[in-house]
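Which chain is which? The protein sequence lines are A and B, in order.
So for the first sequence, the working numbering puts the first residue at 1; every next one is plus one.
So for the second sequence, the working numbering puts the first residue at 646; every next one is plus one.
Protein chains: 2
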Amino acid sequence: MYQGKIANSPMKITDSFWKERMDIVKNQMIPYQWDALNDRLTDTEPSHAIENFRIAAGESDGEFYGMVFQDSDVAKWLEAVAYLLENEPDDKWENTADEVIDLLEKAQGADGYLNTYYTVKEPNRRWTNLRDNHELYCAGHLIEAAVAYYRATGKGKFLNIMIRYADYIDEMFGPEDHKINGYPGHQEIELSLVKLYEVTNNEKYLKLSKFFIDERGKQPHYFDMEKQSRKEGKPYWFSGGHRYSQSHLPVREQETATGHAVRAVYMYSAMADLAAYTNDSSLKETCEKLWNNVTNKQMYLTAGIGSMEYGEAFSFDYDLPNDLSYTETCASIGLIFWAKRMLELEAHHKYADVMERALYNGAISGMDLEGQKFFYVNPLEVVPQEVESRNEKKHVKPVRQKWYGCACCPPNLARLIASIHHYIYTKSNEEIFVHLYMGNETTMEIGGHQVGITQKTNYPWDGKVAIELSPEVDTTLTLALRIPGWAVTAEVKVNGEIIDFQPIMKNGYAFLSRTWKQGDTVKLNLDMPIQRVRAHPAVRHSFGKVALQRGPLVYCLEQVDHGEQLHSIYLPKDADLKAEYERDLLGGIVTLFGEAERVDESEWQDGLYGTSDPEIKPIQLKAIPYYAWCNREPGEVVVWINEKL
Amino acid sequence: MYQGKIANSPMKITDSFWKERMDIVKNQMIPYQWDALNDRLTDTEPSHAIENFRIAAGESDGEFYGMVFQDSDVAKWLEAVAYLLENEPDDKWENTADEVIDLLEKAQGADGYLNTYYTVKEPNRRWTNLRDNHELYCAGHLIEAAVAYYRATGKGKFLNIMIRYADYIDEMFGPEDHKINGYPGHQEIELSLVKLYEVTNNEKYLKLSKFFIDERGKQPHYFDMEKQSRKEGKPYWFSGGHRYSQSHLPVREQETATGHAVRAVYMYSAMADLAAYTNDSSLKETCEKLWNNVTNKQMYLTAGIGSMEYGEAFSFDYDLPNDLSYTETCASIGLIFWAKRMLELEAHHKYADVMERALYNGAISGMDLEGQKFFYVNPLEVVPQEVESRNEKKHVKPVRQKWYGCACCPPNLARLIASIHHYIYTKSNEEIFVHLYMGNETTMEIGGHQVGITQKTNYPWDGKVAIELSPEVDTTLTLALRIPGWAVTAEVKVNGEIIDFQPIMKNGYAFLSRTWKQGDTVKLNLDMPIQRVRAHPAVRHSFGKVALQRGPLVYCLEQVDHGEQLHSIYLPKDADLKAEYERDLLGGIVTLFGEAERVDESEWQDGLYGTSDPEIKPIQLKAIPYYAWCNREPGEVVVWINEKL
């Protein structure tokens, strides 16, 4: 059942793809976001997030400014710094983080309370609007950051600040009559309390997390009662009501993903955590049901989720419009969080496949190659003129932006990438699961002995992976290699000898069980043909179309390579496509080339409507990885290409 | 140049298609709308329109209720009654109309002013918000109604009321310094003043109409100055600013249709009128330019216009999404008004083709076959679950509604259908143009003699038309028969003798010039094959698809005939389609049948995404005229069908 937590062993990422991105986080995003949090950026909306803490700490005068959840931007930034420090020391950012932590300490109330919005703006209104005002959400992000910082540095100050706050929250919330029987409008604290439990071993945090999950959606509805207490007359803005915050039903009765996508996957993550730690099979089943619904009915090919701008929300099964979607960067990141926890519950390639799909596509499409501009919304089809002219697409930006007033996505990307090493392996007793292929060096303890592991690969550009094991002493363990769902053929060799892995496959992992000795080498060769992917026929918006995929990467066509009106391109069924590595393009990518066809608009003989046949001309197709789009010139993009049967 | 006004000769519609609809107007819509205007309907939003007049007349106490343009609903209803009286006498409705007219007289101010909103609600704020508050718009509709009522009944009371009001408006508005140099936010009075000029021969009304058109869009902008006078701080709600009301530029500088579609076509109609009456070639050229833009770049196959809900507006060239459009019934009706006036400027089949397209498709789709329920929005693709779940489609209703709070469309349809006889012919000197084919009997004066004309046809179900001329004395005249753009082959016979009409074709009309004698018969036979229509390749939303058309009718597929997920149907290029008249279906229609193909969802082997080939199965296709959709069961509808190349 419980397959063990992601290894928190010392780990060095050596992967060319991800190390480059970690360096971007370190050298670009962390400094850039630090400037943003301190309002030193020009031409962007001010953040005021650090200033809010200064005001709360009494170090500065002024008014709170920003979103009610502005504190969480600082938290995510601190968490990202912590993960970077796990990878390699950095005095400058550690010192800066320590200064922020000192500031947090000063901003904290004597009772442990720590939230700049309420402390500065509405000191007497704490906990009066759990539904909308993100107090517990901000607490959760700060707890996550504190746990990460403690793990990375061993320093206890930040953790103790947050323990004080968590203890205060625990005094305020719970099933007891004298406590508030409510729960957050934006889930987040639930998963952070599990992390706090992991480092403190104090079960009360687990219990509080479970309370928030168990209480959610019960009748009479807490948010209704709270609203009545506030004497609020207006109907709730979201016409789906409590679906928005997944509190329309007790969580165990929920069968389809609904409402705000980020809220949903943060909650599902905590539910998976609790299912593991409390051995709650009903919660596990609910997680599996919801996982199947999201990934089999409501997920874009890029692992983007949330097909509606209204509520940044899920809509309904198979409703996946490519141009109107929200597909928020944060939602794909949250899906990765959830996938990781589902893997911890049960190692199954279906979780790792989606995790990988989100990592290489819907999540990192949120940033440019320099880590300085960001998409909040990641649709699979953008026509700039539509986005500029049509109101229902105003949420879609045709180019990445420097910063957002609601700046949740950039720091969320920073903390994800900085912690990428948390997603590679899980360990359980004598099993090491390899979920992701990327270059790294680590050491794990198995049966009381240290086992060094070195992974080398040129992933995602090719599927060759070499894993060297270096146990201190000969050690019996299972190395379970994920064979990705996209892999049509795979070859596994141990010390040069081909292994027939079909008989030792379980849930998509090849279980290599043996006594390993120093220098044993496993080679995995995943064939990476160009794949033509189709969507389930019920997905109306991708019907009759194909997308190109190679390995974990989803490809797209850009205007810069094809001119405008990408919709007029047809990919013939027998088109011969080739993959080629281009070192100098977009930081080095494998490009897909081939002959395709296109309706020749200049040959159209009729007016707006007519009965003549469209003329078709051959063209050269060039597809690039979706994550890299809009790094050359702004213009149209399309993932789903018309298929010519 | 000026081809003469639509003949206002006595006319009897005998056409089975249109007479049935006129009877629906008379027996259903007029009584139903009368009940609506008097708040006698249950389960619908109250109209309060008659009550507003009662309050303004001092006959009732209470507050104004409804839209600021509520008066126009009464006006359109009166206008529809007038047109019905033109066709045949009806004491009941004439008496009722006379009572309403008495009420209007009582509601009119001593100075001639007549607007219930301002009279009741803001008596001291007349003309302070021309941009938003529809005063001149309501005046325009009342003038149109008065002219129609005078023409139908010869009674002068209503006309005199409106002459008093128009005279008052003429005193208030104009280029002179002491007058208001403004113009309406919603165009309408411009075209009504031309009608008033037509019955009164008083050029000041023409001049006032021309003033409104000429002044529009000049800088400094009247609406900006007016806004400043109101000390209004907020930015204008429509992000396109003055484009919304086509006042972003002086009208002669406008080259593409933009903004609110109904406003646009009402304005273009007035411009065409003025171009004719004032021989203004710059205005005529502008009309032609705008006509070409609308009909060659921004019009749906159904002659729906306005592809955006935001602003109920045009968007940009070739941007014609089938599911998100506004395509308001009123906008197609306005396009018919404009087409009629373009035909009066120059008889060209391109105007009549669009007029016919709008009449048989985008306009009458706005009502059900009983004339009791109405669509405001007429998209070419509806999936009920999308409409119910997705906010950006909330303007689309999956079924026709009984009445609307903003009830512009139902009475607009009533007045259009009741006046259908105005659209068949134009007459100029010795030319009679036949623009529309429908059964009717009329008499026209040519060279001082009466010429009886009888048209018989089973249009739109077949293309055989018989026209019998009965001049009092042998009369030399040209009968110019429109050969519709959709007609691939046509045969013209005069008294049984086939005419080679190609040499006598001009602008799509066959000019039959001869001395006609009593009983001469012209037979036109337009072949009506089933046509597979494609959209210009730049129309991304209809790319790779075909629509079925037969004669003037655009066809659609409905869920009731095919199950849900209409998007999964393919029409093979060589599919054999047959047309068959079904007497008992939907009031009697020609249905299109044939073999098509469909992706068999039940055979799909993958999950949400996969590389397997979709399985295709043969199905029977059944297409019905678009106007008749949603008269059996609610469900999906689609006009554009995937084409299998």
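Glycine included, every Cβ here is placed at the ideal spot set by N, Cα and C.
- Residue A/352 holds the alpha-carbon nearest to the alpha-carbon of residue 484 of chain A among A/352, A/328, A/190, A/502.
- Residue 1220 of chain B and residue 1123 of chain B have their alpha carbons spaced roughly 42 Å apart.
- In the DSSP assignment, the residues bridged to residue 1161 of chain B are B/1120.
- Contact of residue 1031 of chain B with chain A is assigned, a C-beta pair being separated by under 8 Å.
- Taking a cut-off of 8 Å on C-beta distances, the region 555-570 of chain A touches the region 626-635 of chain A, as three or more cross pairs fall below it.
- When B/761, B/721, B/1093 are compared, the shortest CA-CA separation from residue 711 of chain B is found for B/761.
- Of all residues in the region 520-540 of chain A, the ones placed with a Cβ closer than 8 Å to any Cβ belonging to chain B are 531, 532, 533, 534, 535, 536, 537, 538, 539, 540, in chain order.
- In its chain, beyond the 5 residues on either side, 483, 526 have a beta carbon closer than 6 Å to the beta carbon of residue 490 of chain A.
- Looking at the DSSP output, residue 1171 of chain B bridges to B/1135.
- Contact note: residue 455 of chain A does not reach chain B at a C-beta cutoff of 8 Å; the least C-beta distance is about 27 Å.
- The three-state secondary structure of residue 312 of chain A, taken from DSSP, is coil.
- Shortest Cα-Cα distance from residue 841 of chain B to any of B/787, B/1061, B/871, B/870 involves B/787.
- Where residue 585 of chain A is concerned, there is no enclosing alpha helix (DSSP H), because DSSP gives it neither an H nor an E.
- Contact of residue 316 of chain A with chain B is assigned, a C-beta pair being separated by under 8 Å.
- Taken in chain order, the unbroken stretches of alpha helix (DSSP H) that lie wholly in the region 1008-1093 of chain B and span 4 residues or more are 1029-1034, 1054-1063.
- Residue 1195 of chain B is outside the set of residues whose beta carbon lies under 8 Å from a beta carbon in chain A.
- In the displayed model, residue 1204 of chain B falls within a helix according to three-state DSSP.
- A residue is called buried when at least 16 other Cβ atoms come within 10 angstroms of its Cβ; residue 1143 of chain B does not meet this threshold and is exposed.
- At a cut-off of 8 Å between C-beta atoms, residue 389 of chain A counts as an interface residue with respect to chain B.
- Residue pairing from DSSP places residue 532 of chain A in a beta bridge opposite A/548.
- Take residue 882 of chain B, set aside five residues on each side of it, and no residue of its chain has a beta-carbon closer than 8 Å to its own.
- What residue 1212 of chain B touches in chain A, judged by beta-carbon distance under 7 Å, is 540, 543, going in chain order.
- Its chain contains 3, 343, 347, 425, 426, 427, 480, 482, 509 as the residues whose beta carbon lies nearer than 8 Å to that of residue 433 of chain A, once the 5 sequence neighbours on both sides are disregarded; these appear in chain order.
- DSSP places residue 1152 of chain B in no alpha helix (DSSP H); its state is neither H nor E.
- Take the alpha-carbon of residue 901 of chain B and the one of residue 1089 of chain B: they are about 38 Å apart.
- Taking CB atoms only, residue 607 of chain A has a neighbour in chain B less than 8 Å away.
- With a 10 Å radius around the Cβ and a threshold of 16 neighbouring Cβ atoms, residue 823 of chain B comes out exposed.
- Within chain A, the C-beta atoms nearer than 9 Å to that of residue 1287 of chain B come from 543, 544, in chain order.
- Scanning the region 160-225 of chain A from its first residue to its last, the whole alpha helix (DSSP H) runs of 4-plus residues come out as 189-200, 203-215.
- If you compare the alpha carbons of B/857, B/843, B/817 with that of residue 834 of chain B, the shortest gap goes to B/857.
- In terms of Cβ geometry, residue 569 of chain A and residue 550 of chain A do not form a close pair [threshold 8 Å].
- Under the three-state reduction of DSSP output, residue 1277 of chain B falls in the coil class, being neither helix nor strand.
- Following the DSSP letters along the chain, one finds residue 113 of chain A in no alpha helix (DSSP H), marked with neither H nor E.
- Ranked by how close their Cα comes to the Cα of residue 38 of chain A, the residues A/437, A/608, A/49, A/536 have A/49 in first place.
- Nearest Cα to residue 339 of chain A within the set A/431, A/151, A/358, A/381: A/358.
- According to the DSSP secondary-structure assignment, residue 1261 of chain B is paired through a beta bridge with B/1244.
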